[in-house]
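Chemist:
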Amino acid sequence: MRIVVGSGSCGIAAGAQKVYNALEALLSSESSAELGVTGCIGMCYLEPIVDLYEGSDLKARLVKVSEKDAENIVKAAESGDLSLVEGITITAEDETFLSQQTRIALRHCGVIDPTQIEDYISADGYKAIEKVLKEMTPEEVIEVIKTSGLAGRGGAGFPTWFKWNAARQSKGDEKYLICNADEGDPGAFMDRAVIESDPHNLIEGMLIGAYAIGAKEAVVYVRAEYPLAIKRLENAIAQAKAKGLLGQNILGTDFSCEMRIKAGAGAFVCGEETALIESLEGSRGMPRLKPPFPAQCGYWQKPSNINNVETFANVPWILLNGGEAFAAMGTENSKGTKVFALTGKIKKGGLVEIPMGMTLREVIYNIGGGIKDNKEFKAVQMGGPSGGCIPKELLDTVIDYKALGATGAIMGSGGMVVMDESTCMVSMAKFFLDFTAKESCGKCVPCRIGTKRMLEILTRITKGEGKEGDVELLEELCEAIKDGALCGLGQTAPNPVLTTIRYFRDEYEAHISEKKCPAHECADLISYEIDKETCRGCTLCAKKCPVSAIEGSLKNPHIIDNNKCIKCGQCKTVCKFGAVKTI
Amino acid sequence: MNCCCGLEQSDLSLLAPVLSEYKDTKGSLITILQKAQDIYGYLPTDVIYHVAEKTGNTPAKVMGVATFYTQFRLQPVGKYLIMLCQGTACHVNGSERIEAAICEELGIKDGETTADGLFTLKCVACLGCCSLSPVMMINEETYGSLTPEKAISILSDLREKAGDKQ
Chain A
-19 MRIVVGSGSC GIAAGAQKVY NALEALLSSE SSAELGVTGC IGMCYLEPIV
31 DLYEGSDLKA RLVKVSEKDA ENIVKAAESG DLSLVEGITI TAEDETFLSQ
81 QTRIALRHCG VIDPTQIEDY ISADGYKAIE KVLKEMTPEE VIEVIKTSGL
131 AGRGGAGFPT WFKWNAARQS KGDEKYLICN ADEGDPGAFM DRAVIESDPH
181 NLIEGMLIGA YAIGAKEAVV YVRAEYPLAI KRLENAIAQA KAKGLLGQNI
231 LGTDFSCEMR IKAGAGAFVC GEETALIESL EGSRGMPRLK PPFPAQCGYW
281 QKPSNINNVE TFANVPWILL NGGEAFAAMG TENSKGTKVF ALTGKIKKGG
331 LVEIPMGMTL REVIYNIGGG IKDNKEFKAV QMGGPSGGCI PKELLDTVID
381 YKALGATGAI MGSGGMVVMD ESTCMVSMAK FFLDFTAKES CGKCVPCRIG
431 TKRMLEILTR ITKGEGKEGD VELLEELCEA IKDGALCGLG QTAPNPVLTT
481 IRYFRDEYEA HISEKKCPAH ECADLISYEI DKETCRGCTL CAKKCPVSAI
531 EGSLKNPHII DNNKCIKCGQ CKTVCKFGAV KTI
Chain B
42 MNCCCGLEQS DLSLLAPVLS EYKDTKGSLI TILQKAQDIY GYLPTDVIYH
92 VAEKTGNTPA KVMGVATFYT QFRLQPVGKY LIMLCQGTAC HVNGSERIEA
142 AICEELGIKD GETTADGLFT LKCVACLGCC SLSPVMMINE ETYGSLTPEK
192 AISILSDLRE KAGDKQ
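Chains A and B, in that order, are what the protein sequence lines are. Here the first sequence stands for residues -19 to 563, numbered as in the working numbering. Here the second sequence stands for residues 42 to 207, numbered as in the working numbering.
1. When you compare each of A:L260, A:P207, A:A255 and A:A275 to M266 of chain A by their alpha carbons, which one comes out closest?
2. Among A:C20, A:A13, A:A147 and A:S79, which has the Cα closest to the Cα of N346 of chain A?
3. Can you look up S356 of chain A in the DSSP assignment and give me helix, strand or coil?
4. Express the C-alpha separation of K39 of chain A and C89 of chain A in angstroms, rounding to a whole number.
5. Would you please verify whether the beta carbon of C213 of chain B is less than 8 Å from any beta carbon of chain A?
6. Applying the criterion that 16 or more other CB atoms from any shown protein chain within 10 Å of the CB defines a buried residue, is N475 of chain A buried or exposed?
7. With DSSP run on the structure shown, which of helix, strand or coil describes T69 of chain A?
8. So that I know if they touch, is there some Cβ in chain A lying closer than 8 Å to that of S172 of chain B?
9. With burial defined as no fewer than 16 other Cβ atoms inside 10 Å of the residue's Cβ, what is the status of D87 of chain B: buried or exposed?
10. On a Cα-Cα basis, can you pick out the residue from A:K44, A:A209, A:G189 and A:P166 that is closest to K126 of chain A?
11. Whose C-beta lies closer than 7 Å to the C-beta of K95 of chain B among residues of the same chain, with five residues either side of it excluded?
12. Could you tell me the alpha carbon to alpha carbon distance between G330 of chain A and G22 of chain A, rounded to whole angstroms?
13. Return the Cβ separation of M391 of chain A and G135 of chain A in integer angstroms, given the expectation that the two are a contact with Cβ distance under 8 Å.
14. Considering only their Cβ atoms, is the gap separating Y25 of chain A from R(-18) of chain A smaller than 8 Å?
15. What in chain B is Cβ-close to L260 of chain A, meaning under 9 Å?
16. Can you have a look at A386 of chain A and say buried or exposed, based on whether 16 or more other CB atoms are within 10 angstroms of its CB?
17. Any chance you could list the alpha helix (DSSP H) runs of at least 4 consecutive residues sitting entirely within the segment 261 to 336 of chain A, in chain order?
18. List, in chain order, every chain B residue whose beta-carbon is nearer than 9 Å to that of Y345 of chain A.
19. Which residues in chain A sit within 8 Å of G152 of chain B, going by Cβ to Cβ distance?
20. Using a beta-carbon distance cut-off of less than 8 Å, what residues from the segment 353 to 380 of chain A approach chain B?
21. What residues of chain A sit near Q116 of chain B, judged by a beta carbon separation below 9 Å?
22. By the three-class DSSP mapping on this structure, what secondary structure does I390 of chain A have?
23. Can you look up I73 of chain B in the DSSP assignment and give me helix, strand or coil?
24. In three-state terms, what does DSSP make of E27 of chain A?
25. Distance, Cα to Cα, A245 of chain A vs Q112 of chain B?
26. So, does the CB of P166 of chain A fall closer than 8 Å to a CB anywhere in chain B?
27. Verify the CB distance criterion: does V88 of chain B have a CB-CB separation below 8 Å to chain A?
28. Along the segment 120 to 139 of chain A, what residues have a CB closer than 8 Å to any CB found in chain B?
29. Do you know how far the Cα of I71 of chain B is from the Cα of T71 of chain A?
30. Taking the straight line between their C-alpha atoms, what separation do you get for G251 of chain A and P175 of chain B?
31. Can you list, in chain order, the residues of its chain with a C-beta nearer than 7 Å to that of R148 of chain A? Leave out the 5 residues immediately preceding and following it.
32. Between which residues of its own chain and S(-11) of chain A is the CB-CB distance below 6 Å, once the five residues before and five after are set aside?
33. Which residues does DSSP pair with I158 of chain A in a beta bridge?
34. Which word fits P271 of chain A, buried or exposed, when buried means at least 16 other C-beta atoms lie within 10 angstroms of its C-beta?
35. Identify which residue in A:A146, A:P179 and A:R87 has its Cα closest to the Cα of M239 of chain A.
36. Give every residue of the same chain whose Cβ lies closer than 6 Å to the Cβ of W141 of chain A, excluding the five residues on either side of it in the sequence, and list them in chain order.
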């Protein structure tokens, strides 16, 4: 049997490399078992994951594997006796995490070996580009994309065919195709998974795009924080070149295209397309005024087209299966599937690809298994710093650009962070404003000063220093920033504040008028108390208190001195009897 | 052009291969600075002036780029660079408490280095290991599902390890 270790970044962080090393050390050259790697399987909550294959049949999926399991895994793979690994085999219930998904962009993730071009080719890889180059005109390619209804997966949801067509129509021989892999949204890792797990799919999608718009040069702008993605993509580009799939006269046709990687240097604003272009040119990543749009005047002032990784990842599938097949999935105005990074207070966190039109409830409860520790669902954050929080009442909202937009949030690039009753929504808004205020490039005043003022107000509110009229002032600032900011970062920065005010206004009011944090999160607005009845006098809390604010003797109820208490919450964490209450 | 402060004396010859490879390719400034940081561990002032001179940029333009992106450091970092994730999932799962615990344990704030040169703390945007949140990365090694106590014990272990080697 073949032993395959899931080796995406999160798998490795969870210990996949150690497992791989342990397996490698045990396998002798005479062993009948082989060892290989694959990318991200997407079930982050079960990492590290090891699969056992017989040919192309998955015989067993082993989860939460540790180095100690290596010996049994090797024995099982050599003998075929799967009872040896029964204890770590995935449960039927966990298998539903994947069986409820529809994978297009992620179709090869966790299946093929991302370091081997042959694996991709044997999974119908590079067939779409061959068909395109030998049988189709660029206009026909654009027509197929138009039929598919594919829209930009980076967040804004602009029709892909329209951008391609605009770049195609622009005058000039020198055109550029750029892939935006600067996935800066905190809480999102879809694009990283695609590059790490299926880099050739991205290359093929980009080649098709380059052919459609008439570009001879393609650049992938990858976030510097993704070293493994960069390494795997570099390797894939070299393999594709060696096979004549990149470079001059690709597949013996007249079409030539070079591809290179540019590593970003850490700036969220570079996800905005004109800022990304500035960064590609070696300058500070500050957005340009639009128009002119990149399709007319982009990289080095030449017509350029920029798409997100997931958008390109869908393209080869669409060309092979037809635009109609893609458009058959989804809703009237949102076609195909969308990948989400499901995280936060969720039982089963990971990568989820579902057809548009599924409800948030289905994703969170059916696929994600509901809320951690069976707590109460409070809100789901979508779209990161540009998006918003969607409350419980709207859990049946369908995943669709228009429906999500109506809630005040956005589809976004795919971050889906689930929050439970212990998350303070004012603090959440503050968290995002802190992020955008730091990441604002400073070019335009509404964003540079506006986000800072909003952050100051939110900080004041969470400290219990909020004043009557603060919420109204925030709303006024939000509108001004939305209208006045130069680029998407500033224009959408108010969204986290606006949605939390819209759905959780009572929480803002409680902070301001009653000086209370209903979620018991804001340290300045809570205090701890030990329940005399429940306390057994074990003295553990007193020992752990870093400022010696707890007094009491063995077997007698303890008391917290609130004048000394720094509200670190240690006592509550360590108490085995649940005697420490937050009030 | 000489370094204006005169404090830093970097071996500029180390950068020569990088400059000869990239100086004529337009738009390579960020790449050159990334390679320079790989060599020196940070961007010393004299290196910034040197890059400016060799690439035909003003020192202000190079400094502007170096200060715009979070990847670039103008100060040397400690032996252990702690990158504490501040992504949304980590925030929801209590990264603020981890930060407070680390700051108290080491007596430094975000962006600072301990006096013994052992630890530098840097709060970063998402590291993308959301299912292990809260997470920190120390010199390529990822530590997940942190609690304040767990974070402190990891730091103590590293401190001991560094002590043993000396």
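All C-beta atoms in this analysis are idealised placements derived from N, C-alpha and C, irrespective of residue type, glycine included. These numbers were taken from a predicted model, which means no experiment stands behind them.
Modeler: On the basis of the coordinates in this document:
1. Checked all of A:L260, A:P207, A:A255 and A:A275; the closest Cα to M266 of chain A is A:A255.
2. For the residues A:C20, A:A13, A:A147 and A:S79, the minimum Cα distance to N346 of chain A belongs to A:S79.
3. According to the sequence as given, residue 356 of chain A is Glu; it is not Ser. Coil at E356 of chain A, not helix or strand.
4. Taking the straight line from one Cα to the other gives about 18 Å.
5. Missing from the structure shown is residue 213 of chain B; chain B here goes from 42 to 207 and no further.
6. Counting Cβ neighbours within 10 Å, N475 of chain A comes out buried, since at least 16 surround it.
7. T69 of chain A carries a strand assignment under DSSP once its states are collapsed to helix, strand and coil.
8. Yes, contact with chain A.
9. Buried is the call here.
10. Cα-wise, what sits closest to K126 of chain A is A:G189.
11. So the qualifying residues of the chain are L60 and K64.
12. Their backbone Cα atoms lie some 5 Å apart in a straight line.
13. Between the beta-carbon of M391 of chain A and that of G135 of chain A there is about 7 Å, and that keeps the pair under the 8 Å contact cut.
14. In this structure, Y25 of chain A does not lie closer than 8 Å to R(-18) of chain A by Cβ.
15. Those are G68 and I71, listed as they occur along chain B.
16. Flag for A386 of chain A reads exposed.
17. Counting only runs of 4 or more, we get 289 to 301 and 303 to 307.
18. Those within 9 Å of Y345 of chain A in chain B number zero; the least Cβ separation is about 18 Å.
19. Result: empty, since nearest Cβ-Cβ is about 12 Å, beyond 8 Å.
20. Within the segment 353 to 380 of chain A, the qualifying residues are Q361 and G364.
21. For Q116 of chain B, no chain A residue has a C-beta closer than 9 Å to its own C-beta; the minimum C-beta separation is roughly 16 Å.
22. Three-state DSSP puts I390 of chain A in coil, outside helix and strand.
23. Reduced to three states, the DSSP call for I73 of chain B is helix.
24. Coil at E27 of chain A, not helix or strand.
25. Near 5 Å, if we compare the C-alpha coordinates of Q112 of chain B and A245 of chain A.
26. Answer yes: the Cβ-Cβ gap between P166 of chain A and chain B drops below 8 Å somewhere.
27. Chain A, which has no Cβ nearer than 8 Å to the Cβ of V88 of chain B, makes this no.
28. Listed in sequence order: no entries.
29. Spanning the two alpha carbons is a distance of roughly 48 Å.
30. The straight-line gap from Cα to Cα measures roughly 25 Å.
31. Excluding sequence neighbours, R148 of chain A sits near P118, I122, A192, I193 and G194.
32. So the qualifying residues of the chain are L208.
33. By DSSP's assignment, I158 of chain A forms a beta bridge with A:V199 and A:I286.
34. Flag for P271 of chain A reads exposed.
35. Nearest C-alpha to M239 of chain A: A:P179.
36. Result list for W141 of chain A: I122, I125 and K126, in chain order.
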